[in-house]
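Student: Going by full-length UniProt numbering, the first residue of the sequence shown is number 1, and it counts up by one from there.
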Amino acid sequence: MGSIGATSLAYATLYEPRSPQLERITLNLPRLPLALDGLRIGQISDMHLGLRYTTENSRWAVHQMAAEEPDLLVFTGDFVSYEHAIAELPFVLEGLPRAPLGRFAVPGNHDYWEGVPEIKQTLTNLDIEILINEHRPVTIGKETLVVAGLDDMWDGVPDIEATLQHAPGASVRLLLAHCPDALDYISGHGIDVQLSGHTHGGHMCLPGLGSFCLPRFGWHYASGHFHVNETQLYVSRGLGGLPLRLGCPPEATIFTLQRGSG
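Right under this line is the structure:
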């Protein structure tokens with residue numbers, strides 16, 4: 001038993017944290033217009049620059065997105081774990097695809113701890129727009145996709161009313177929210193898809209036992225795809241965090257919107 005435990009610990013600390021996977025998810029939306037059918041969204045979450053393996057994992061994710069060339073690219077928070085790592089962002093994100101429909105982000109709790117103004121300015125210089133309780137309409141033909149960004153549940157001041165204020169009538173409403181438990185807060189506001197991160201999948205997830213280490217505002221939705229009332233939620237396991245993972249490898253994600261029942 002001792003050798004099994006040692007092997008598992010070595011796997012969880014040395015192998016899985018630095019073995020990211022590209023996940024491909026189809027989101028079936030019954031009201032999706034034909035103009036948006038097949039639209040592809042790339043998600044990068046929880047890079048946590050400044051910790052072990054995180055630069056390598058994040059560079060891997062950028063290369064994946066460059067190869068996939070999604071129509072829209074989004075980041076769901078926790079870019080850094082230490083203030084000094086903000087300076088790494090231009091290097092880490094070098095080669096990121098342009099994404100014809102835009103590149104958008106929301107801050108996470110760690111970004112607030114280390115400096116949202118500096119992160120926002122750095123991302124703006126890289127043509128990535130941080131949305132904090134605001135939205136942007138994206139036009140595709142005669143259809144509109146609203147991309148909205150909710151402030152962080154932990155250290156921000158989330159306001160879904162302000163986020164959607166004056167939002168145009170849209171074919172699809174996409175919400176970026178770092179913490180997945182924001183889903184319960186935004187219920188009833190016509191959000192079709194919410195993309196989140198924050199949890200890292202719980203770091204250790206065993207069959208039949210679930211996730212062992214879930215953070216505040218991430219207790220209800222650990223990782224993966226959920227369909228709750230009117231909204232589909234996807235929670236990324238992210239790329240960084242503590243160098244300890246078992247059963248929840250790091251990820252970057254490509255979504256394809258498809259017309260159909262969920």
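All C-beta atoms in this analysis are idealised placements derived from N, C-alpha and C, irrespective of residue type, glycine included.
#1: Given a threshold of 16 other Cβ atoms within 10 Å of its Cβ, counted over all protein chains shown, does V228 qualify as buried or as exposed?
#2: Are the CB atoms of S45 and L93 within a distance shorter than 9 Å?
#3: Tell me which residue opens and which closes the alpha helix (DSSP H) that H110 is part of.
#4: Please classify D152 as buried or exposed, where buried requires at least 16 neighbouring CB atoms within 10 angstroms.
#5: Which of helix, strand or coil does DSSP assign to M1?
#6: Please state whether the Cβ-Cβ distance between D111 and G149 is less than 9 Å.
#7: How long is the line joining the alpha carbons of I132 and Q43, rounded to whole angstroms?
#8: If we ignore side chains and look at the alpha-carbon of each, how far apart do T253 and S236 end up?
#9: Considering only the alpha carbon of each residue, which of Q21, A167 and I191 lies closest to G238?
#10: Suppose contacts are defined by Cβ-Cβ distances below 9 Å. Is L73 in contact with Q258 by that definition?
#11: Going by the beta-carbon positions, is the gap between G197 and R245 smaller than 9 Å?
#12: Just to confirm, does S81 get its C-beta within under 8 Å of one of the non-hydrogen atoms of the ligand HEM?
#13: Is the number of C-beta pairs between the segment 152-165 and the segment 180-195 that are closer than 8 Å three or more?
#14: Expressed to the nearest angstrom, what Euclidean distance is found between the alpha-carbon atoms of residue 267 and A167?
#15: Looking at the strands, I want to know which residues DSSP matches up with E129.
#16: With distances taken from CA atoms, which of I130, L126, I128 and V147 is nearest R136?
#17: Going by DSSP, which residues form a beta bridge with V228?
#18: Give the secondary structure of H203 by DSSP, where H, G and I count as helix, E and B as strand, and everything else as coil.
#19: Quick check on the burial criterion: 16 or more other C-beta atoms within 10 angstroms. Buried or exposed for Y53?
#20: What residue ranges within the segment 116-180 form continuous beta strand (DSSP E) runs of no fewer than 3 residues, ordered along the chain?
#21: In angstroms with no decimal places, state the Cα-to-Cα distance between T144 and R24.
#22: If you run the structure through DSSP and keep just helix, strand and coil, what is S196?
#23: Starting from the C-beta of W154, find all residues in its chain whose C-beta is less than 7 Å away, skip the five residues before and the five after it, and write them out in chain order.
Tutor: By the coordinates alone:
#1: When all chains shown are included, V228 counts as exposed.
#2: Pairing L93 with S45 gives a Cβ-Cβ distance that is not under 9 Å.
#3: Residues N109 to E114.
#4: Result: buried.
#5: At M1 the pLDDT is 48, less than 50, meaning the model places this residue with poor confidence and gives no usable figure here.
#6: Result no, Cβ atoms of D111 and G149 do not sit closer than 9 Å.
#7: The alpha-carbon atoms of I132 and Q43 are separated by roughly 17 Å.
#8: Rounded to the nearest angstrom, the two C-alpha atoms are 7 Å apart.
#9: Nearest neighbour of G238 by Cα position, chosen from Q21, A167 and I191, turns out to be Q21.
#10: Between L73 and Q258, the gap from beta carbon to beta carbon reaches 9 Å or more.
#11: By the CB criterion at 9 Å, G197 and R245 fall outside the cutoff.
#12: Judged by which ligands are present, the structure shown has none, so any question about the ligand HEM falls away.
#13: Using a C-beta cut-off of 8 Å, the segment 152-165 makes contact with the segment 180-195, since at least three inter-stretch Cβ pairs fall below that distance.
#14: Limits of the chain in this structure are 1 at one end and 262 at the other, which puts residue 267 out of reach.
#15: F104.
#16: Closest option to R136, Cα to Cα, is V147.
#17: Assignment of beta-bridge partners to V228 by DSSP yields T231.
#18: Of the three classes helix, strand and coil, the one that applies to H203 here is coil, per DSSP.
#19: With 16 or more Cβ atoms within 10 Å of its Cβ, Y53 is classed as buried.
#20: The qualifying runs are 134-140, 143-149 and 172-176.
#21: Spanning the two alpha carbons is a distance of roughly 24 Å.
#22: Note: S196 maps to strand in three-state DSSP.
#23: The answer, listed in chain order, is N109, C179, R216 and F217.
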